[in-house]
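Numbering (full-length UniProt numbering), first residue to last: 1 to 248.
Don't be surprised by glycine CBs; every beta carbon is placed ideally from N, CA and C.
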């Protein structure tokens, strides 16, 4: 079967030097050989801070794959799975694709990841904007260290707790999906980290945090509501007894 390879590097200098690109090419070659693919063409996207939304090489790769009836081999998907514009383009193209670095991730999973990432970004943006507007309405001069009163710290903690609830509500569905496929807590944490998901604190996932999210997902009604009544999700609190958090 024919395949089209799609590579991406972060800047022109890296593209010229081959750093990163050679590793991607080697990975695609190994993957193609193992699946019996013949790579008939390849396209390399040189990404900059201004062209990440518009990817001309991806458009060319999709067009050739469509014309030849070939599969698109994406050498390095990782954080692109969280790029809604990128994923939408792939889904709309109707071209079959495989991420060489995450071959087990199908198009449906990628679509879910993008939707979750988009919603996360919207919620964070909305809450930040609302908090700033409320502060201005109270006459607070933003950016002044003296404004960090006990009351301000308390309000900040409340906002962080609510943001944690919102984010973990979203990611819990994906975690349940992976758990339902028989993945261990360790593997789920590794998958979340590999796909660019961070905890509310911007850190990598650990098995204990995955476990705590799953514990929160006990159904409370036939409609599928979830128990997030506690204002501080346990997944953002350190476990008191590490021995009880077995990695299954």
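Using the rule of at least 16 other Cβ atoms within 10 Å of the residue's Cβ for burial, across every protein chain shown, is residue i buried or exposed?
i: residue 158; result: exposed
i: residue 76; result: buried
i: residue 85; result: exposed
i: residue 74; result: buried
i: residue 24; result: buried
i: residue 199; result: buried
i: residue 191; result: buried
Can you list, in chain order, the residues of its chain with a C-beta nearer than 8 Å to that of residue i? Leave out the 5 residues immediately preceding and following it.
i: residue 193; result: 204, 205
i: residue 138; result: none
Looking only at DSSP bridge pairs, what is residue i linked to?
i: residue 43; result: 6
i: residue 99; result: 74
i: residue 38; result: 2
DSSP state of residue i, grouped into three classes?
i: residue 109; result: helix
i: residue 195; result: coil
i: residue 92; result: helix
i: residue 104; result: coil
i: residue 85; result: helix
i: residue 25; result: helix
i: residue 20; result: coil
i: residue 202; result: coil
For residue i, which residues of its own chain have a beta-carbon under 7 Å away from its beta-carbon, when the five flanking residues on both sides are left out?
i: residue 90; result: 97
i: residue 188; result: 175, 178, 179, 210
i: residue 133; result: none
Near residue i, which residues of its chain fall below 6 Å by C-beta distance, leaving aside the five closest residues on each side in sequence?
i: residue 102; result: 77
i: residue 42; result: 5
i: residue 70; result: 2, 3, 4
i: residue 67; result: none
To the nearest whole angstrom, what separates the beta carbons of residue i and residue j, a pair I think is in contact under 8 Å?
i: residue 20; j: residue 9; result: 5 Å
i: residue 65; j: residue 95; result: 5 Å
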